[in-house]
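First to last, the sequence lines map onto chains G and H.
Just so we're on the same page, this note's numbering is the position in the first sequence counted from 1, plus 486.
Just so we're on the same page, this note's numbering is the position in the second sequence counted from 1, plus 486.
Here's the structure, in structure tokens; my notes come after.
Number of protein chains: 2
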Amino acid sequence: MQTLQVDLGERSYPIEIGEHLLDHADVISARIRGRQVAIVTNETVAPLYLDQLTRSLSAFLVTPIILPDGEAHKSWQTLQLIFDGLLGARLDRGATIIALGGGVIGDMAGYAAASYQRGVDFIQVPTTLLSQVDSSVGGKTGINHPLGKNMIGAFYQPRAVIIDTTTLGTLPARELSAGLAEVIKYGLICDAPFLGWLEAHIESLRALEPKALSEAIYRSCAAKARVVGADERESGVRATLNLGHTFGHAIETHQGYGAWLHGEAVSAGTVMALEMSRQLGWIETAERDRAIRLLVRAGLPVVPPQDMAASDFLQHMAVDKKVLDGKLRLVLLKKLGEAVVTGDFPREALEDTLRVDYGALTQHLGA
Amino acid sequence: MQTLQVDLGERSYPIEIGEHLLDHADVISARIRGRQVAIVTNETVAPLYLDQLTRSLSAFLVTPIILPDGEAHKSWQTLQLIFDGLLGARLDRGATIIALGGGVIGDMAGYAAASYQRGVDFIQVPTTLLSQVDSSVGGKTGINHPLGKNMIGAFYQPRAVIIDTTTLGTLPARELSAGLAEVIKYGLICDAPFLGWLEAHIESLRALEPKALSEAIYRSCAAKARVVGADERESGVRATLNLGHTFGHAIETHQGYGAWLHGEAVSAGTVMALEMSRQLGWIETAERDRAIRLLVRAGLPVVPPQDMAASDFLQHMAVDKKVLDGKLRLVLLKKLGEAVVTGDFPREALEDTLRVDYGALTQHLGA
């Protein structure tokens with residue numbers, strides 16, 4: 487087991503990474519202060535891991551809350567099911583909520599924990615690669631609104647993140663690839679050597695080789711912990727974690743939540759951010775193509791939906807959280823391994839980026 | 487204008503108290519950082535004060551959001567109307583939400599501000615006595631759930647509280663009395679001299695004499711600011727502010743939200759807390775009766791609903807937020823002017839308290 491620390495003063499917490507951690511009663515129990523525990527999970531994950539986790543928590547009063555699966559359910563209607571479960575079981579302010587599942591479960595259970603009785607303890611047990619390397623770390627929680635993704639939520643830090651890499655054994659290959667989009671992101675925004683490591687190990691990762699997985703998760707979480715520790719509430723550098731996300735959110739919103747996986751939309755969005763960085767003269771064509779090639783090898787889409795016009799992107803991007811007083815800011819690359827957040831670009835550069843034929847652009851890169 | 491400071495480190499903020507502050511553009515504008523403002527108010531308050539406030543904010547882009555009035559609407563459904571309004575107007579992370587109205591508006595707008603894009607600026611402009619002396623100060627925000635009051639919410643501090651005492655001129659007498667229940671509470675829990683002052687000025691307050699109102703609001707807010715400054719997240723002394731509230735919440739829940747005003751339920755609940763403190767031998771019968779007499783003179787009910795049995799109270803009190811790991815804690819009085827939060831009482835004392843005939847007990851006190 488490896489342990490990382492997210493350094494946020496009195497809100498600091500550990501990330502534990504290892505195999506078979508769901509069976510380690512003491513690893514999880516050590517982070518629970520009261521006797522009441524609610525496990526929030528979904529219909530897909532519950533049959534796989536709920537019994538196992540419940541057995542490890544036999545010393546506690548456990549209430550399971552099982553939600554429908556999917557981004558389409560990341561809504562206030564589903565959030566109500568959590569509150570109904572917590573209040574139905576009369577959980578009090580000393581209770582702990584455990585999120586067992588992917589990013590949607592973590593985001594919703596975290597927001598429920600932030601809001602229930604104005605805040606109860608919260609532990610993340612992410613079971614997808616995407617949530618293990620990204621959404622479970624850093625305290626962003628929330629739900630979607632019909633007019634925008636993640637528009638309602640809270641910054642709320644967990645007491646611990648417990649990553650059992652064994653759970654990736656049951657993850658569909660498509661979702662593993664989606665998680666790799668965020669792993670590759672860390673290389674692109676702040677860790678160029680990691681990019682080289684990924685190029686050497688991408689097949690091992692897709693084959694679920696435990697040592698490679700553990701290393702990739704550790705380096706990703708370490709990068710995220712560094713960035714979050716420097717900027718918890720995203721007033722600056724933290725926004726670089728959203729490379730590809732502004733374009734990606736527009737894709738997810740336009741296609742309807744759940745049609746594209748989040749990581750898939752981020753991958754296509756990252757290609758757009760790479761292309762725009764190239765147009766601005768910040769990265770070379772060869773660098774853009776090197777990054778695209780890695781995304782393709784990870785099994786990810788690199789072309790936005792055919793039916794999305796530039797105007798569709800602009801409309802959805804106007805309500806993005808990175809808009810401040812009407813000005814759109816984007817995460818772009820100064821070079822591979824160094825991202826910036828900037829609103830300082832000509833409007834035409836954005837419009838040109840949105841009008842590129844990405845099918846043609848990526849054709850010779852294996853896409 | 488008088489100014490008080492709520493001392494919470496980087497979350498500190500001022501409370502401004504005075505006449506005609508809604509017309510003082512600079513008092514409010516000084517607290518707004520961006521250009522976008524949403525005013526959240528309700529159908530009752532909007533015709534009275536929305537135009538006036540909007541005129542004072544002519545330098546900003548103002549989006550009004552007008553909700554239905556009443557505690558019955560302090561729900562997820564109504565909260566969604568706020569999010570719909572904010573997103574419909576494309577308000578960004580630099581926006582400021584102003585709550586213009588009573589406690590329900592302040593609690594909902596505050597929770598919306600805490601949650602919208604994971605937190606935007608928030609200003610309280612309370613227009614009822616209850617919200618001016620209690621709910622607008624201290625950062626408690628939230629909504630009700632069918633299974634319990636204020637069960638979902640956040641601790642979220644405003645950037646300022648602006649109290650225009652002139653707005654009390656349009657407040658129904660019954661609501662003014664309800665606010666006085668919380669004013670009297672401050673005397674009972676931490677300011678015995680204030681209790682004497684209130685006995686001398688209760689008629690002036692009910693007649694809306696400006697100097698008396700201003701003094702009562704100032705002393706109430708000062709008491710609340712002291713307590714909140716010492717214990718922002720209610721891990722200790724802050725819970726004393728809930729004198730009468732555990733019994734009162736049971737009354738509100740049992741009667742259906744809105745049938746009794748919050749302050750009315752608190753008044754009857756305070757009588758029960760007084761009686762229980764007397765049974766425990768902490769205060770004298772004469773002290774209990776002195777406090778009840780003041781509540782009666784303030785125009786408040788001092789007898790719980792006739793149809794509420796002891797079992798009804800116990801059922802509703804079991805989900806109260808002051809329950810920790812199954813143990814019910816109550817705010818009781820060690821003496822007039824000194825409250826404690828304790829779970830250390832014989833179960834029979836509580837049951838005896840719930841079985842008292844309060845009609846008979848208060849009959850000779852003017853009730």
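Even for Gly, the Cβ is constructed at its ideal location relative to N, Cα and C.
Point to revise | residue 666 of chain G versus G:589, G:825 and G:688, residue with shortest Cα-Cα distance | key: Ranked by how close their Cα comes to the Cα of residue 666 of chain G, the residues G:589, G:825 and G:688 have G:688 in first place.
Review point. Based on Cα-Cα distance, which residue from G:719, G:825 and G:524 lies nearest to residue 768 of chain G?
Key: Nearest option by C-alpha distance: G:825.
Check your understanding: How would you label residue 663 of chain G, buried or exposed, when you count the other beta carbons within 10 angstroms and need 16 or more for buried?
Key -> buried
Check your understanding: When the Cα of residue 646 of chain H is compared with those of H:579, H:532, H:625 and H:659, which residue comes out closest?
Key -> H:625
Review point. DSSP three-state call for residue 848 of chain H: helix, strand or coil?
Key: helix
Review point. According to DSSP, is residue 671 of chain G helix, strand or coil?
Key: helix
Check your understanding: Using a Cβ cut-off of 9 Å, which residues of the segment 582-609 of chain G contact any Cβ in chain H, in chain order?
Key -> 597, 598, 600, 601, 602, 603, 604 and 605
Check your understanding: What are the residues of the segment 567-583 of chain H that lie near chain G, defined by any Cβ-Cβ distance shorter than 8 Å?
Key -> 569, 570, 573, 574, 576, 578, 579 and 580
Check your understanding: Any C-beta of chain H sitting closer than 8 Å to the C-beta of residue 633 of chain G?
Key -> True, the Cβ-Cβ gap to chain H drops below 8 Å.
Practice item. Pull up the distance between the alpha-carbon of residue 790 of chain H and that of residue 498 of chain H, whole angstroms please. Key: Cα to Cα, the separation comes out at about 38 Å.
Review point. Along chain H, which residues have their Cβ under 8 Å away from the Cβ of residue 626 of chain G?
Key: 604
Point to revise | Nearest neighbour of residue 563 of chain H, chosen from H:504, H:713, H:507 and H:631 [CA to CA] | key: H:631
Review point. Within this structure, are the beta carbons of residue 494 of chain G and residue 720 of chain G separated by less than 8 Å?
Key: no
Check your understanding: What is the C-beta distance between residue 758 of chain H and residue 839 of chain H, in whole angstroms, given that I count them as a contact (C-beta under 8 Å)?
Key -> 6 Å
Review point. Whose C-beta lies closer than 6 Å to the C-beta of residue 506 of chain G among residues of the same chain, with five residues either side of it excluded?
Key: 652
Exercise for review: Check whether the Cβ of residue 518 of chain G lies closer than 8 Å to any Cβ atom in chain H.
Suggested key: no
Exercise for review: Answer with buried or exposed for residue 541 of chain G, where buried requires no fewer than 16 other C-beta atoms within 10 angstroms of its C-beta.
Suggested key: exposed
Exercise for review: Report the rounded CA-to-CA distance for residue 694 of chain G versus residue 503 of chain G, giving the unit in angstroms.
Suggested key: If you take the alpha carbons of residue 694 of chain G and residue 503 of chain G, they lie about 15 Å apart.
Review point. With burial defined as no fewer than 16 other Cβ atoms inside 10 Å of the residue's Cβ, what is the status of residue 613 of chain H: buried or exposed?
Key: Its Cβ being crowded by 16 or more others within 10 Å, residue 613 of chain H is buried.
Practice item. Enumerate, from N- to C-terminal direction, the unbroken alpha helix (DSSP H) stretches of 4 or more residues contained entirely within the segment 568-608 of chain G. Key: 589-601
Check your understanding: Three or more C-beta pairs closer than 8 Å, one from the segment 697-706 of chain G and one from the segment 812-820 of chain G: is that the case here?
Key -> no
Exercise for review: Taking only the alpha-carbon atoms, compute the straight-line gap between residue 734 of chain G and residue 569 of chain G and give it to the nearest angstrom.
Suggested key: The alpha-carbon of residue 734 of chain G is positioned some 30 Å away from that of residue 569 of chain G.
Check your understanding: Among residues of its own chain, excluding the 5 on either side of residue 511 of chain G, which ones have a beta-carbon nearer than 6 Å to its beta-carbon?
Key -> 542
Check your understanding: Should residue 738 of chain G go down as buried or exposed, given a rule of 16 or more other Cβ atoms within 10 Å for buried?
Key -> buried
Exercise for review: Could you pull out every residue in the same chain whose Cβ sits closer than 7 Å to the Cβ of residue 520 of chain G, ignoring the five residues on either side in sequence?
Suggested key: For residue 520 of chain G, where only same-chain residues beyond five positions count, the Cβ hits under 7 Å are 580, 581 and 582.
Check your understanding: Does DSSP put residue 697 of chain G in a helix, in a strand, or in coil?
Key -> helix
Check your understanding: From the DSSP output, which residues share a beta bridge with residue 500 of chain G?
Key -> G:491
Check your understanding: Taking a cut of 7 Å between CB atoms, which residues from the segment 488-521 of chain H lie near chain G?
Key -> Across the segment 488-521 of chain H, CB contacts with chain G closer than 7 Å involve 520 and 521, in sequence order along the chain.
**Study point:** residue 794 of chain G in three-state terms, based on DSSP
**Key:** Correct three-state label for residue 794 of chain G: coil.
Exercise for review: With a floor of 3 residues, list each beta strand (DSSP E) that falls wholly inside the segment 674-731 of chain H, ordered by position along the chain.
Suggested key: Entirely contained in the segment 674-731 of chain H, not one beta strand (DSSP E) run reaches 3 residues.
Review point. What do you get for residue 750 of chain G, buried or exposed, if any count of 16 or more other CB atoms within 10 angstroms of its CB means buried?
Key: buried
Check your understanding: Does the separation of the CB atoms of residue 571 of chain H and residue 524 of chain H fall below 8 Å?
Key -> At the C-beta level, residue 571 of chain H and residue 524 of chain H come within 8 Å of one another.
Review point. Per DSSP, residue 824 of chain H is paired with what?
Key: H:821
Review point. Under a CB-based cut-off of 8 Å, is residue 638 of chain G close to chain H?
Key: yes
Practice item. Would you mind working out which of G:710, G:529 and G:574 sits nearest residue 552 of chain G, comparing C-alpha positions? Key: G:529
Check your understanding: Hey, out of H:760, H:754 and H:835, whose CA is closest to residue 776 of chain H's CA?
Key -> H:760
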